[in-house]
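Here is the structure we will look at, set down as structure tokens.
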Amino acid sequence: MSGSEETTNAPAPEPAGGSKSAANYDAILKIPVVLQVVLGSTSMPVASLMKLGRGAVIALDQRVGEPVNVVVNGRIVARGEVVVVDEDTSRFGVSLTEIVASSAAERAA
3 MSGSEETTNA
13 PAPEPAGGSK
23 SAANYDAILK
33 IPVVLQVVLG
43 STSMPVASLM
53 KLGRGAVIAL
63 DQRVGEPVNV
73 VVNGRIVARG
83 EVVVVDEDTS
93 RFGVSLTEIV
103 ASSAAERAA
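Under my numbering, the letters of the sequence shown match residues 3 to 111, in that order.
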């Protein structure tokens, strides 16, 4: 799921100040960010990577049932559980279980 990008239209708090700061605030809210859900990672030598083919299984450092990391622009911002969003289209999502504090996110990255 790494690389999954979705946005939600959650209501944003109103900016304090005049209409100029409101316009600046709106401009900031429109800046795109890259959101990834990381199931896990691993390290392998290039020789092993070159041998991978269809059906190969790559063991990750995360176990089944452990929370996945939600990463925004390279920083872990939350953790959550993988959930089925729509069984008909086989779409998955993440139910957030923890918001990571900025200092903890910086240490984890």
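Note that the Cβ used here is the ideal one computed from N, Cα and C, for glycine as well.
Using the rule of at least 16 other Cβ atoms within 10 Å of the residue's Cβ for burial, across every protein chain shown, is residue i buried or exposed?
i, result
"Ala-103", "exposed"
"Ala-80", "buried"
Going along the chain, which residues of its own chain have a beta-carbon closer than 7 Å to the beta-carbon of residue i, five neighbours each way excluded?
i, result
"Val-40", "Ser-4, Val-70, Asn-71 and Val-73"
What's the C-alpha gap between residue i and residue j?
i, j, result
"Gly-82", "Asp-63", "16 Å"
"Pro-47", "Val-86", "34 Å"
"Val-84", "Glu-68", "9 Å"
"Glu-100", "Ser-50", "35 Å"
"Ser-92", "Ser-23", "42 Å"
"Lys-53", "Phe-94", "29 Å"
"Val-96", "Ile-60", "22 Å"
What did DSSP end up calling residue i once you bin it into helix, strand or coil?
i, result
"Ser-104", "helix"
"Asp-28", "helix"
"Ser-92", "coil"
Which same chain residues end up closer than 8 Å to residue i when comparing Cβ atoms and leaving out the 5 residues on each side of it in sequence?
i, result
"Pro-34", "none"
Quick one: residues in its chain with C-beta nearer than 6 Å to the C-beta of residue i, no 5 flanking neighbours on either side, listed in chain order?
i, result
"Leu-98", "Ala-80 and Gly-82"
Considering only residues of the stretch 37 to 76, which uninterrupted alpha helix (DSSP H) runs meet the minimum length of 4 residues and lie entirely inside it, listed in chain order? The qualifying runs are 48 to 52.
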